[in-house]
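Number of protein chains: 2
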Amino acid sequence: MLSRVRSAVAHLVSSGGAPTPRPKSPDLSNATSAPPAAAPETPRSPPTKAGSGSGTLAKTVEARASFSRPTFLQLSPGGLRRADDHSGRAVQSPPDTGRRLPWSTGYAEVINAGKSRHNEDQACCEVVYVEGRRSVTGAPREPSRGQGLCFYYWGLFDGHAGGGAAEMASRLLHRHIREQLKDLVEILQDPSPPPLCLPSTPGSPSASDPSHLVCPQSCWSSQKEVTHESLVVGAIENAFQVMDEQMARERRGHQVEGGCCALVVVYLLGKVYVANAGDSRAIIVRNGEIIPMSREFTPETERQRLQLLGFLKPELLGSEFTHLEFPRRVLPKELGQRMLYRDQNMTGWAYKKIELEDLRFPLVCGEGKKARVMATIGVTRGLGDHSLKVCSSTLPIKPFLSCFPEVRVYDLTQYEHCPDDVLVLGTDGLWDVTNDCEVAATVDRVLSAYEPNDPSRYTALAQALVLGARGTPRDRGWRLPNNKLGSGDDISVFVIPLGGPGSYS
Amino acid sequence: MLSRVRSAVAHLVSSGGAPTPRPKSPDLSNATSAPPAAAPETPRSPPTKAGSGSGTLAKTVEARASFSRPTFLQLSPGGLRRADDHSGRAVQSPPDTGRRLPWSTGYAEVINAGKSRHNEDQACCEVVYVEGRRSVTGAPREPSRGQGLCFYYWGLFDGHAGGGAAEMASRLLHRHIREQLKDLVEILQDPSPPPLCLPSTPGSPSASDPSHLVCPQSCWSSQKEVTHESLVVGAIENAFQVMDEQMARERRGHQVEGGCCALVVVYLLGKVYVANAGDSRAIIVRNGEIIPMSREFTPETERQRLQLLGFLKPELLGSEFTHLEFPRRVLPKELGQRMLYRDQNMTGWAYKKIELEDLRFPLVCGEGKKARVMATIGVTRGLGDHSLKVCSSTLPIKPFLSCFPEVRVYDLTQYEHCPDDVLVLGTDGLWDVTNDCEVAATVDRVLSAYEPNDPSRYTALAQALVLGARGTPRDRGWRLPNNKLGSGDDISVFVIPLGGPGSYS
């Protein structure tokens with residue numbers, strides 16, 4: 000049983016037996032930029048599950064589900080069919096003729112080689128206007144001050160166990176970020192330090208009761224310094240949480256299947272915020288130098304967090320799992336012998352005498368792409384997965400997953416960027432077969448073949464990166480020039496030029 | 000009340016009213032190198048508590064307690080008096096005449112300026128022989144193979160709330176490391192990968208039942224690779240835990256007062272292991288380059304771990320604390336207003352509406368040296384502190400403290416070291432007033448004034464570092480040449496030459 004569970008990454012959940020209309024996105028008030036959904040279409044070929052023992056899982060439900068691709072691809076019904084074709088695996092990019100993406104951003108994607116019915120990656124690229132709430136600080140508004148803020152937004156969402164969560168996140172996460180920023184519009188545009196405390200009702204003037212507003216001067220000496228930057232980070236973090244809570248609330252009504260990794264970039268007031276929850280990755284290539292802008296969250300990188308949670312809340316492990324890590328499954332005949340183990344506080348290994356409890360399956364097991372939490376899932380942060388259970392069990396996995404991203408900040412004003420400096424975002428389909436140096440080499444090779452002011456160069460680069468990770472069909476598989484297997488996963492790539500909105504938009 | 004608690008770092012605990020003989024170190028069997036304790040001596044002057052509101056604390060108990068300094072200082076009764084003199088603050092080093100420390104290690108220390116009755120730092124430097132247990136793997140012993148292992152050991156222990164824990168750790172921690180390594184003697188000397196599983200009874204031959212011994216070949220493909228190095232790391236980690244458990248068990252009988260930070264170096268089979276639990280620090284200065292070998296564990300660096308624990312186990316917070324962080328204490332009149340906060344998942348800040356629970360004191364508060372857990376303690380890892388309570392409360396603080404070190408490994412064989420390459424260990428008394436670059440500059444200045452083969456140069460360097468952090472008495476205080484205040488804390492420094500045992504022992 001467990002060997003099957005261990006490979007059940009694409010495990011379907013929360014589908015029930017109900018009819019499955021296209022995931023209907025719940026709405027947020029004041030939407031500025033809701034992309035219309037692409038027309039649903041019945042896929043032509045039945046799904047094939049590559050290298051998975053989970054073929055018996057509720058595939059029939061998924062087969063009925065519809066799908067969509069990012070609006071900015073402007074796909075016709077025929078284009079949508081080609082984008083959904085596992086055998087051709089045509090690389091998709093926004094058309095050269097239409098309106099360009101902000102900053103002349105490049106984008107390319109390709110569907111998987113049969114791992115799941117549809118492409119479970121989703122993407123979003125938007126310019127979002129944030130209208131401030133009426134004077135949150137209570138100060139009279141200066142007419143000269145801008146009334147709102149704009150941020151640029153890019154998001155990659157790598158779905159698993161269905162496409163619902165990724166699609167919902169791609170439609171809504173930027174609006175949750177906008178909501179979180181609404182209170183900050185005035186504060187972020189004011190060069191003085193953020194006020195510690197705001198009056199209770201936004202818009203209520205504090206002049207009548209000045210004690211409501213704690214001004215920085217009165218207590219600055221004994222308080223922490225809170226920067227504008229850290230407010231934006233907090234806003235993004237909380238937006239992820241609100242998004243996740245919305246998925247939990249609406250999963251029944253709106254068919255939010257599975258979960259997704261989320262890698263999001265926000266450009267606001269001169270700074271680039273890269274927020275990552277999952278195993279997608281972002282790097283900056285600047286003058287040939289590689290600057291990592293994210294970290295992956297997997298059972299291996301988050302082992303100690305997961306083990307600590309299992310140790311502190313053993314009820315989350317049921318009677319099936321142990322929070323201890325062993326280098327392999329302990330066998331019943333080894334009871335009483337001493338085996339290598341790691342506890343939540345350890346980075347090294349030691350021997351312990353095997354007791355009955357150690358025969359349970361370890362909470363964290365496996366290595367690399369095969370590492371799993373509770374023998375089920377290979378990523379430990381992301382959105383959704385509220386109905387994910389251990390196979391043949393009612394034990395929920397969600398308590399071990401975190402919806403919070405790690406946010407890294409890059410100050411765009413600290414360096415004079417040239418047209419060849421780019422921020423590359425990719426889902427794991429890219430990074431599984433390509434490393435940072437290879438990406439940097441492709442950046443150099445492709446961009447140098449185009450004029451610096453040719454805005455199509457970033458799309459060409461995104462396409463080259465996707466093609467380089469996909470490979471070409473040969474010897475019953477997709478293969479790279481070195482004859483190794485290419486990525487059979489969905490692959491999605493954004494290439495964001497760092498010359499800034501002035502130069503390239 | 001709370002302002003007093005917040006400054007009560009040197010807070011005395013667990014003394015009771017019982018008579019207080021010199022802390023009697025519990026023994027471990029097979030001791031190879033127990034340093035005899037220095038003769039107890041009644042201190043001459045009453046203690047002064049610098050800048051602390053905790054003067055009412057049980058000082059009388061401490062006044063009766065005796066003290067000791069590291070044996071390798073070979074202090075005479077007069078020397079011990081000078082080492083205990085807060086007004087002279089004479090720098091202490093091992094005598095030039097006696098047997099040198101291993102590797103010609105340099106050492107220097109100075110007592111605090113009145114912050115606590117005695118010097119609460121302790122130090123240990125030993126060569127420890129580990130005799131293997133009889134054939135743990137069950138394999139017949141080869142006569143040609145060495146029967147035991149030697150490791151070199153250096154430890155700095157910075158005590159707080161009494162000197163008992165630091166003294167106990169300085170006498171016993173290396174023996175616990177030896178205990179943990181006993182099972183590994185054979186394994187570490189065998190170049191093949193460590194066996195996953197060992198027979199239940201060390202010494203019982205497995206030849207009669209080969210199934211007891213899982214050999215690497217049979218399951219290597221599906222098991223994690225565990226290195227020899229990670230076994231040593233695990234041994235050190237578990238030794239810290241066993242030491243801490245012993246302190247918990249024996250605190251009543253042996254007068255283990257307070258707690259201590261522990262910074263430990265183990266040299267074994269070509270590798271240097273630096274284990275740190277607390278706010279002492281280690282750096283390597285190699286060819287002028289600085290390589291940090293530790294990280295500090297404070298309420299600020301461990302904020303998220305502490306908050307997570309408070310969030311998952313709210314009973315640990317009593318009714319007095321909240322796991323949320325605020326930039327300053329929330330005032331009752333601010334109820335209903337919105338204040339900046341950080342939750343355990345956040346690195347940024349956001350506003351939240353103040354509710355009744357938010358008026359509790361934050362679990363983590365303050366900045367830099369003033370940061371505290373539960374308004375009491377400024378370090379979050381170390382040994383001891385089993386009786387530490389929040390002031391005027393029965394709430395224990397220990398559950399938030401971790402006894403586990405972070406272990407960094409430096410392979411001494413990967414680089415050809417010259418006589419000027421050193422590993423510098425210092426308690427926070429050094430690092431509070433000196434940064435890495437200043438230390439590297441002192442390394443260069445002092446070592447270049449001595450012949451490369453003069454073994455006294457490392458002691459001279461340790462003394463220069465301690466003197467540079469202490470300063471000289473001027474303007475009613477200890478002042479540095481730049482007229483800033485020197486460190487009023489205990490200061491202890493090891494300088495370990497990396498030329499290795501062959502070159503400098």
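Chains as they are written, first to last, in numbering that gives the first Met the number 0: chain A, 0 to 504; chain B, 0 to 504. Even glycine gets a Cβ: it sits at the ideal position worked out from N, Cα and C.
Could you tell me which of the options sits nearest to residue i, measuring between CA atoms?
i	options	result
S293/B	R251/B, L424/B, G287/B	L424/B
H85/B	E108/B, S318/B, R98/B, A448/B	E108/B
K114/B	Y414/B, G77/B, R88/B	R88/B
L411/B	V271/B, K223/B, E125/B, L180/B	V271/B
P326/A	S191/B, V225/B, S447/B, A439/B	V225/B
D419/B	G257/B, G147/B, N286/B	N286/B
G367/B	N434/B, P298/B, Y414/B, D83/B	P298/B
P451/A	L387/A, D95/A, P404/A, V421/A	V421/A
V372/B	L316/B, R170/B, R407/B, K351/B	L316/B
H159/B	E437/B, G381/B, D189/B	G381/B
R248/B	N111/B, D384/B, I110/B	D384/B
D489/A	F150/A, K312/A, D120/A	D120/A
G147/B	Y414/B, A276/B, E356/B, V127/B	V127/B
T104/B	A112/B, S75/B, V264/B	V264/B
R302/B	V389/B, G365/B, R250/B, V90/B	G365/B
Q413/B	L171/B, L268/B, G257/B	L268/B
What residue does the alpha helix (DSSP H) around residue i start on, and which one ends it?
i	result
R294/B	No alpha helix (DSSP H) contains R294/B, which DSSP labels as neither H nor E.
D489/B	That residue, D489/B, is in no alpha helix (DSSP H); it is neither H nor E in DSSP.
K181/A	163 to 181
L307/A	302 to 311
A79/A	The question names Ala, yet the displayed sequence has Leu at residue 79/A. Taken as a continuous stretch (DSSP letters only), the alpha helix (DSSP H) holding L79/A covers 76 to 82.
D431/B	No alpha helix (DSSP H) contains D431/B, which DSSP labels as neither H nor E.
Q188/A	184 to 188
Considering residue i, what are the terminal residues of the beta strand (DSSP E) in which it resides?
i	result
I353/A	Where I353/A is concerned, there is no enclosing beta strand (DSSP E), given that its DSSP letter is neither H nor E.
G467/A	That residue, G467/A, is in no beta strand (DSSP E); its alpha helix (DSSP H) goes 456 to 469.
A439/A	Taken as a continuous stretch (DSSP letters only), A439/A belongs to no beta strand (DSSP E), being part of the alpha helix (DSSP H) at 435 to 446.
K223/A	Counting along the chain, K223/A falls outside any beta strand (DSSP E), and DSSP gives it neither H nor E.
Please work out which residues of its chain come closer than 6 Å, Cβ to Cβ, to residue i, disregarding the five sequence neighbours upstream and downstream, and give them in chain order.
i	result
H416/A	L497, G498
P69/A	A122
L155/A	A122, L262, S279, L424, T426, S491
A439/A	V284, I289
P215/B	At P215/B the pLDDT is 34, less than 50, meaning the model places this residue with poor confidence and gives no usable figure here.
H227/B	L187
D243/B	L382, C402
T300/B	none
Mind reading off the beta-carbon distance from residue i to residue j? Whole number of angstroms is fine, and I expect it under 8 Å.
i	j	result
V492/B	A461/B	5 Å
E314/B	F360/B	The pair is not a contact, with the Cβ atoms about 16 Å apart (cut-off 8 Å).
E236/B	N344/A	7 Å
H117/B	G163/B	About 11 Å separates the two Cβ atoms, so there is no contact after all.
L323/B	Y340/B	5 Å
E125/B	H173/B	5 Å
Leaving aside the five residues before and after residue i along the sequence, list all residues of the same chain whose C-beta is less than 8 Å from its C-beta, in chain order.
i	result
G353/B	Looking at the sequence provided, one finds Ile at residue 353/B rather than Gly. So the qualifying residues of the chain are V329, E333, L334, G335, Q336, R337, M338.
L484/B	V432, G470, G476, W477, R478
M230/B	The question names Met, but residue 230/B is Leu in the sequence shown. Here the set comprises L183, I186, L187, P193.
Within 8 Å (strictly less), CB to CB, does residue i reach chain D?
i	result
F71/B	No chain D is part of this structure, whose protein chains are labelled A and B.
Near residue i, which residues of its chain fall below 7 Å by C-beta distance, leaving aside the five closest residues on each side in sequence?
i	result
L307/B	Q343
Q73/B	P93, P94, G97
Output, in sequence order along the chain, the residues in the stretch 416 to 448 of chain B whose CB is closer than 9 Å to any CB in chain A. none
At a Cβ cut of 7 Å, what residues of the stretch 293 to 316 of chain B count as close to chain A, listed as they run along the chain? L311, K312
Contact set between the stretch 146 to 178 of chain A and chain B, restricted to residues whose Cβ is under 9 Å from the partner: none
According to a CB-to-CB cut-off of less than 7 Å, which residues of the stretch 364 to 392 of chain A neighbour chain B? E366
Interface positions of the stretch 348 to 362 of chain B facing chain A (Cβ-Cβ less than 9 Å), listed along the chain: W348, A349, Y350, K352, I353
Using a Cβ cut-off of 8 Å, which residues of the stretch 84 to 113 of chain B contact any Cβ in chain A, in chain order? none
Residues of the stretch 118 to 133 of chain A whose Cβ lies closer than 9 Å to any Cβ of chain B, in chain order: none
Looking at chain A, which residues of the stretch 245 to 263 of chain B have a Cβ within less than 7 Å of any of its Cβ atoms? none
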